[in-house]
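Working notes, beginning with the structure itself.
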Amino acid sequence: MIQMYHAEKRYEGNVYALRDISLTIERGEFVFLTGSSGAGKTTLLRMLFGADKPSTGQIIVAGRNITKMTASSVPELRRQIGVIFQDFKLLPDRSVVDNVAITLEIAGVSRREIRARAWNMLRRLGLGHRLDHRPKALSGGEQQRVAIARALVNDPPLLLADEPTGNLDPDLALDIMDIIADAHARGTTVIVATHDPSLLDRYPHRRLVLDQGRLVTDRAPETYPTAIGRAALPLP
Amino acid sequence: MIEIEVIRRILTSVRSALRGIRSAPLVFVISVTTLSAGLLLLGTYLLIVQNMRGVLENFGQDLKLVAFLDEGATDVDAMKHTLSELSGVQAVLYVSNDTALVRLREDLGRDADVLDGLDRNPLPSSFELSLGPELREEGSLRVFAKQVEGMPGINETRYGEDWVQSYGRILRAMEWLGLGLGVFLMLILGTVIAGTVRLAVYSRNDEIAIQRLVGAGGVFVRLPFYIEGAIQGGVAAAVAISLLYALFGLGLPVLGDILVFLLGKPVPDFFGRQEMLALVLVGISLGVGGAMLSLLRLEERT
Ligand SMILES: Nc1ncnc2c1ncn2[C@@H]1O[C@H](COP(=O)(O)OP(=O)(O)OP(=O)(O)O)[C@@H](O)[C@H]1O
Ligand SMILES: [Mg+2]
Numbered sequence: 595m596i597q598m599y600h601a602e603k604r605y606e607g608n609v610y611a612l613r614d615i616s617l618t619i620e621r622g623e624f625v626f627l628t629g630s631s632g633a634g635k636t637t638l639l640r641m642l643f644g645a646d647k648p649s650t651g652q653i654i655v656a657g658r659n660i661t662k663m664t665a666s667s668v669p670e671l672r673r674q675i676g677v678i679f680q681d682f683k684l685l686p687d688r689s690v691v692d693n694v695a696i697t698l699e700i701a702g703v704s705r706r707e708i709r710a711r712a713w714n715m716l717r718r719l720g721l722g723h724r725l726d727h728r729p730k731a732l733s734g735g736e737q738q739r740v741a742i743a744r745a746l747v748n749d750p751p752l753l754l755a756d757e758p759t760g761n762l763d764p765d766l767a768l769d770i771m772d773i774i775a776d777a778h779a780r781g782t783t784v785i786v787a788t789h790d791p792s793l794l795d796r797y798p799h800r801r802l803v804l805d806q807g808r809l810v811t812d813r814a815p816e817t818y819p820t821a822i823g824r825a826a827l828p829l830p
Numbered sequence: 031m032i033e034i035e036v037i038r039r040i041l042t043s044v045r046s047a048l049r050g051i052r053s054a055p056l057v058f059v060i061s062v063t064t065l066s067a068g069l070l071l072l073g074t075y076l077l078i079v080q081n082m083r084g085v086l087e088n089f090g091q092d093l094k095l096v097a098f099l100d101e102g103a104t105d106v107d108a109m110k111h112t113l114s115e116l117s118g119v120q121a122v123l124y125v126s127n128d129t130a131l132v133r134l135r136e137d138l139g140r141d142a143d144v145l146d147g148l149d150r151n152p153l154p155s156s157f158e159l160s161l162g163p164e165l166r167e168e169g170s171l172r173v174f175a176k177q178v179e180g181m182p183g184i185n186e187t188r189y190g191e192d193w194v195q196s197y198g199r200i201l202r203a204m205e206w207l208g209l210g211l212g213v214f215l216m217l218i219l220g221t222v223i224a225g226t227v228r229l230a231v232y233s234r235n236d237e238i239a240i241q242r243l244v245g246a247g248g249v250f251v252r253l254p255f256y257i258e259g260a261i262q263g264g265v266a267a268a269v270a271i272s273l274l275y276a277l278f279g280l281g282l283p284v285l286g287d288i289l290v291f292l293l294g295k296p297v298p299d300f301f302g303r304q305e306m307l308a309l310v311l312v313g314i315s316l317g318v319g320g321a322m323l324s325l326l327r328l329e330e331r332t
């Protein structure tokens, strides 16, 4: 699903947000991306959905080379990817169901089908009774579920989540993680960026650890949880 | 089923444009007001020019060139034949000096007795030439008149040249001025629309970002703004035409005498269906053009 070959991201003034990242993520994997603040997690995710290009190196996502991609082929890539953020990014002047509908409108789905599918998705996430509310009337956890519904309503093969639980109370955070895990169980490839240790400890998934832009640890799920504190797999 | 998807996206864009208008109605009203004021100005001007041109054409339809004969000229039939063979001449009428005198008497009416003292007819005989459209233009008419004057037996020609010339010159000046005014207005109005659309883009930045995030291509993002511009332009043109029509109706009685003087007829024409359609199209293209202008630098990425 994802390949990175010596990918780097350098900003002006020789600030490296990412340095020499090489990795492969297979279809159907669930991967945590972690590391302290400023380590480069957001930068890496942004490149995966084509919001940024690497300065050097190659990145392949769902068969498309991000490095060489033109601006006009970004939309097509994005339709394969659901993205969620810490701050939800919902439109305040649209109802819950209309927020979810945006994804389908862009895909050219008929109005009736849009409503039905958005509805279904929201019901699955426990928001069936909130369809016509504005996002502001919802709790943080509910808002994030709306954002997840928007990301998943078109069944994208890849879900990227940047600190999806960063703004939520711990029990709501687990709620959200369960929903993401459910999407994973249905076959979606998932990458979650987080520096919340309680999440990392709870789910035995592969972990990519960034430190100042470098990939310092790539720990496979088999080695977890016995390998805490020890780097189980040496980097290639 | 590509077509259906395209139609759906257009419909979605229309809804999005309408939502944009509804969410900032004041901006819309201000923009439409400015636009229709500009289009009203332009429309008024076009209406005047159109009517002036109409006058010239009307005049042209009974535009006659009178060629006076030398006193001794005799071979009238041959001359008439030659004249009628000239290109652009539709008909040639011979007016003998006797007929001319009769006409003059009729014109003078009660004062005709001033002619009684004459011992001989002082009027020359003449040909009256009806001219086709190719000779109604001032330049070609002048050349033609010279040509006729050069013919043996012709003494002099007349065709109301002063009037045609100055009226034509005024009309031409008006047309140029109108063109300048038009271009100037287009620029201003285009800028107005561009400004409104830019406001709309700013106010919908979040929406655009999210559309992009879930995979909206450039067209999908831009289309609502083009549509919004088109709606503004179309509505403004409709308002301008209605206002112009109302003013036209109100103004006619007041301006009646002046119009008779200027146009030679009491009732000027309003725009036909085609001209109105053209004005609406101008409004719409202004709207779309302005929107394009303001979206020129819209970021494609992120
Ligand atoms: N547009 C930019 N221009 C310059 N430097 C940038 C830019 N974006 C990010 N950076 C730098 O790149 C580094 C990585 O940033 P990034 O946002 O990816 O970190 P992060 O791991 O997501 O951090 P956090 O956990 O705080 O979200 C930081 O040092 C940041 O200052
Ligand atoms: Mg971040």
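The listed protein sequences derive, respectively, from chains A and B.
Heads up: the first sequence begins at 595 in the working numbering, then just goes up one per residue.
Heads up: the second sequence begins at 31 in the working numbering, then just goes up one per residue.
Virtual Cβ for every residue (Gly too), placed ideally from N, Cα, C.
Since the model is a prediction, treat every value here as computed from it, not as a measurement.
Check, Outcome
"Selection of the region 243 to 275 of chain B by Cβ proximity to chain A, strictly under 8 Å", "L243, V244, G245, A246, G247, G248, F250"
"Contiguous alpha helix (DSSP H) assignments of at least 4 residues, all confined to the region 227 to 288 of chain B", "235 to 243"
"Chain-ordered residues, beta carbon under 7 Å from a heavy atom of ligand 2", "A/K635, A/T636, A/D756, A/E757, A/A787"
"Rounded distance between the beta-carbons of A/V691 and A/D726, thought under 8 Å", "7 Å"
"Residue-level contact to chain A via CB, B/I240, 8 Å cutoff", "yes"
"Any non-hydrogen atom of ligand 1 within 7 Å of A/S792 CB", "no"
"Proximity test, Cβ basis, 8 Å: B/T226 and chain A", "no"
"CB contact check: B/T42 to chain A, cutoff 8 Å", "yes"
"Given B/V59 as reference, the closest of B/A308, B/V269, B/L307 once Cα atoms are compared", "B/V269"
"Proximity to B/A142 [Cα-Cα], best of B/D149, B/T221, B/L131, B/I314", "B/L131"
"Amino acids of chain A, ordered along the chain, whose beta-carbon sits closer than 8 Å to that of B/E35", "G702"
"Any non-hydrogen atom of ligand 3 closer than 7 Å to A/H789 Cβ", "Ligands in the displayed structure: ligand 1 and ligand 2; ligand 3 is not one of them."
"B/E258 burial status per 10 Å Cβ neighbour count (16 or more: buried)", "buried"
"With 16 other Cβ atoms within 10 Å as the buried cut-off, status of A/P830", "Below a pLDDT of 50, predicted positions are generally treated as unreliable, and A/P830, at 45, falls in that range; the measurement from the model is reported next regardless. Under this definition A/P830 is an exposed residue."
"Given 8 Å, three or more beta-carbon pairs between the region 618 to 627 of chain A and the region 776 to 788 of chain A", "yes"
"Proximal residues to A/Q652 (C-beta, below 6 Å), its chain only, five neighbours per side dropped", "Y599, T661"
"Close-in-space but distant-in-sequence residues of the same chain around A/N659 (CB under 8 Å, 5 per side omitted)", "Q652, I653"
"Which listed residue (A/N714, A/A710, A/A743, A/T759) has its alpha carbon closest to that of A/G734", "A/T759"
"Distance between B/L69 and B/A266 (C-alpha atoms, nearest Å)", "8 Å"
"8 Å Cβ cutoff met for A/H761 and A/Q680", "The question names His, but residue 761 of chain A is Asn in the sequence shown. Against a cut-off of 8 Å, the Cβ pair of A/Q680 and A/N761 comes out as a contact."
"Opening and closing residue of the beta strand (DSSP E) in which B/N127 lies", "Counting along the chain, B/N127 falls outside any beta strand (DSSP E), though it belongs to the alpha helix (DSSP H) covering 127 to 138."
"Contact list for A/V677 against chain B, beta-carbon separation under 9 Å", "L243, V244"
"Buried/exposed call for B/S233, threshold 16 Cβ in 10 Å", "exposed"
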